[in-house]
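S.K.: The numbering of the sequence shown is the working numbering, which starts it at 590 and goes up by one.
All C-beta atoms in this analysis are idealised placements derived from N, C-alpha and C, irrespective of residue type, glycine included.
Can you keep this structure in mind? I'll have questions shortly.
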Amino acid sequence: MLGSVILLWIGFSLLFLLFRTRRPKNFPPGPWPIPIFGNLLQLNLVNPLDDLRKLSERYGKVYSIYIGSKPAVVLNGLQAMKDALVTQSVEFAGRPQDLLINHLNENKGVVFAYGPVWKEHRRFTLTTLRNFGLGKRSMEERILGEVSYIASDLENNAGKTIDSQILFHKASFNIICTVLFGTRFKHEDEFLQHNIRHIKEVTKIVNGPWDMIYEMLPLLRHLPLPFQKAFHNMNMVRKSLADQVSQHKESWVTGEPRDLTDCYLDEMDKRGDDVSSFNEKQLIGYLLDLLFAGTDTTANTLLTAFLHLMTHPDVQERCQKEIDEVLGEKEQASYEDRHKMPYTQAMIHETQRVADTVPLSVFHTTTKDIRLMGYDLPKGTLIIPNLSSVLSEESQWKFPHDFNPSNFLNDQGEFVKPDAFMPFSAGKTQPLSVH
590 MLGSVILLWI GFSLLFLLFR TRRPKNFPPG PWPIPIFGNL LQLNLVNPLD
640 DLRKLSERYG KVYSIYIGSK PAVVLNGLQA MKDALVTQSV EFAGRPQDLL
690 INHLNENKGV VFAYGPVWKE HRRFTLTTLR NFGLGKRSME ERILGEVSYI
740 ASDLENNAGK TIDSQILFHK ASFNIICTVL FGTRFKHEDE FLQHNIRHIK
790 EVTKIVNGPW DMIYEMLPLL RHLPLPFQKA FHNMNMVRKS LADQVSQHKE
840 SWVTGEPRDL TDCYLDEMDK RGDDVSSFNE KQLIGYLLDL LFAGTDTTAN
890 TLLTAFLHLM THPDVQERCQ KEIDEVLGEK EQASYEDRHK MPYTQAMIHE
940 TQRVADTVPL SVFHTTTKDI RLMGYDLPKG TLIIPNLSSV LSEESQWKFP
990 HDFNPSNFLN DQGEFVKPDA FMPFSAGKTQ PLSVH
């Protein structure tokens, strides 16, 4: 009798899960999901890009998959990306709030947020970063200063084996720190090494299969599984940043900001009420966002550039020749020199294209019931922008599968940026640095 009851219960549970994974009316097509697991067992969780490409070939540029019992719509190709993230940017600007990355940052910060808090902080960030040199000479000086340390490190290790990934992580981390804290750290400094180590560990887990398992099976979230290491490492970085903020507060003078942290403290002081979205917890989440968003992607792009310049000496030689001709007697290039260096600009952009550092961008959600390319998407639908599909789309690039700066040059040899160049995202929710 008991066995029959258990079997009946299992049967009803499976039926319930089966109906929960039925696609809404006029929803994008996709592979049939398995109860509990959705379509994740049909994907290579370490690197699902090839599987996502094959699904696009079968179901079209807009199709759906299930992450556990949650339906998600995958966007492929330039047209689908523009229709969603540019033409209907407001309707696709939402952010999911129950992912591992949200929980790691305690739903603070700006990268994975949307709504009034996101708008306030984004406005503040753009204004403040402009004032502190984003795209201006002061930012250029920070970068050139760090480049001199990279050159020195390389010279001191001539003929030796070095880990260039660590070198580039230190450089990108330091440049961000000069904006956030007004401080450059020595490459052997414990604060720098400690935080880079923990950032790399978090990034490895967030970009790996355990992230998907965390989303798919919420019941496992409190078990001692590898994603718990991500929380430990994140907390170590959070504590380190909290110490930096405490030190800042000791020497902070209202109205005399030295860096972005001081500007944030000024904003907190100006608002002065408990209900303001500008508070110390939000500041820590905000600093975490900016460090995580800039450190790993920049370092990996630099690594990609070195790899392809080593394997394409003709490209390296042509860039060097162009740089020498433009600089003349000058020791260092400036941001304004880029207009006279079309080939070098093309090489840099081609590096970003093939590096493909954030292939699935940041996930979105729909903010209302919306129609996309003939399909109906209910409010709250999870959206996965497959940027890789755009960066290698055969109809958009002259050499979609090769490293070739000609992808960014017209017939006259002038630098051009195709619409399909979307290394991070498109529309209103692009990274702050793009703006």
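Report the rounded CA-to-CA distance for L892 versus T900, giving the unit in angstroms.
M.R.: Each residue's Cα considered, the two are about 12 angstroms apart.
S.K.: Which residue or residues does DSSP assign as beta-bridge partners of Y652?
M.R.: In the DSSP assignment, Y652 forms a beta bridge with V663.
S.K.: Bridge partners for P974 per DSSP, in chain order?
M.R.: L664
S.K.: Measuring alpha carbon to alpha carbon, tell me which residue in F816, S866, K870 and K793 is nearest S835.
M.R.: K870
S.K.: Who are the Cβ neighbours of L980 in its own chain at under 6 angstroms, not counting the five residues just before and after it?
M.R.: R942 and D945
S.K.: Between P846 and chain D, is there a C-beta pair that is closer than 8 angstroms?
M.R.: Although the question refers to chain D, the structure presented lacks it and comprises just one protein chain.
S.K.: Please go through the region 738-823 and give each complete alpha helix (DSSP H) segment of 4 or more residues, from N-terminal end onward.
M.R.: 753-769, 779-795 and 798-805
S.K.: In this structure, does DSSP put D965 in helix, strand or coil?
M.R.: strand
S.K.: For L806 and I656, I'd like the C-alpha separation in whole angstroms.
M.R.: Computed Cα separation, rounded: 9 angstroms.
S.K.: Identify the residues that DSSP records as bridge partners of L998: which are they?
M.R.: Paired residue(s): F1004.
S.K.: Starting from P902, trace the alpha helix (DSSP H) in both directions and tell me its first and last residue.
M.R.: P902 to L916
S.K.: Does I732 come out as helix, strand or coil in the three-state DSSP assignment?
M.R.: In this structure, DSSP gives I732 a helical state, which the three-state scheme calls helix.
S.K.: So the candidates are K957, A1009 and N824; which of them puts its Cα closest to the Cα of K968?
M.R.: K957
S.K.: Helix, strand or coil, according to DSSP, for T956 in the structure here?
M.R.: coil
S.K.: Would G683 and Y652 qualify as a contact pair, given that the criterion is a beta-carbon distance under 8 angstroms?
M.R.: no
S.K.: Quick check: the region 811-826 against the region 896-910, are there 3 or more CB pairs under 8 angstroms?
M.R.: no
S.K.: Among K818, N868, A935 and E709, which residue has its Cα nearest to the Cα of D800?
M.R.: K818
S.K.: Consult DSSP for I623 and reduce its assignment to one of helix, strand or coil.
M.R.: strand
S.K.: Buried or exposed: where does W621 fall if 16 or more other Cβ atoms within 10 Å of its Cβ makes it buried?
M.R.: exposed
S.K.: Can you give me the C-alpha to C-alpha distance between T714 and F952, rounded to a whole angstrom?
M.R.: 21 angstroms
S.K.: Please go through the same chain and pick out, in chain order, the residues whose beta-carbon is closer than 8 angstroms to the beta-carbon of F601, but skip the five residues on each side of it.
M.R.: Since pLDDT at F601 reaches only 46, below the 50 mark, its modelled position is unreliable, and the value read off the structure follows with that caveat. Answer for F601: no residue qualifies.
S.K.: Determine the DSSP secondary structure at G874, reduced to helix, strand or coil.
M.R.: Helix.
S.K.: DSSP beta-bridge partners for G683?
M.R.: T954
S.K.: Count the other CB atoms, across all protein chains shown, that sit within 10 Å of the CB of Q1001; report buried if there are 16 or more and exposed otherwise.
M.R.: exposed
S.K.: Tell me the residue span of the alpha helix (DSSP H) that contains L936.
M.R.: The residue you asked about is not Leu; residue 936 is Met in the sequence shown. Bounds of the alpha helix (DSSP H) holding M936 are P931 to A944.
S.K.: Between the region 929-936 and the region 907-921, do at least 3 Cβ pairs fall closer than 8 angstroms?
M.R.: yes
S.K.: By alpha-carbon positions, which one of L876, M670 and Q677 ends up nearest to S977?
M.R.: M670
S.K.: Measure the CB-CB distance between F992 and H928 and report whether it falls below 8 angstroms.
M.R.: H928 is positioned such that its CB atom lies no closer than 8 angstroms to that of F992.
S.K.: What residues in its chain sit with their C-beta under 6 angstroms from that of E983, if we drop five residues either side in the sequence?
M.R.: P989
S.K.: Report the option in D878, V706 and R731 whose CA atom is closest to the CA atom of Q921.
M.R.: The shortest Cα separation from Q921 among D878, V706 and R731 belongs to R731.
S.K.: Would you identify the three-state DSSP class for S829, choosing helix, strand or coil?
M.R.: helix
S.K.: Determine the DSSP secondary structure at S543, reduced to helix, strand or coil.
M.R.: With the chain represented from 590 up to 1024, any question about residue 543 goes unanswered, as that position is not in the structure.
S.K.: For N615, which residues of its own chain have a beta-carbon under 7 angstroms away from its beta-carbon, when the five flanking residues on both sides are left out?
M.R.: Y964 and D965
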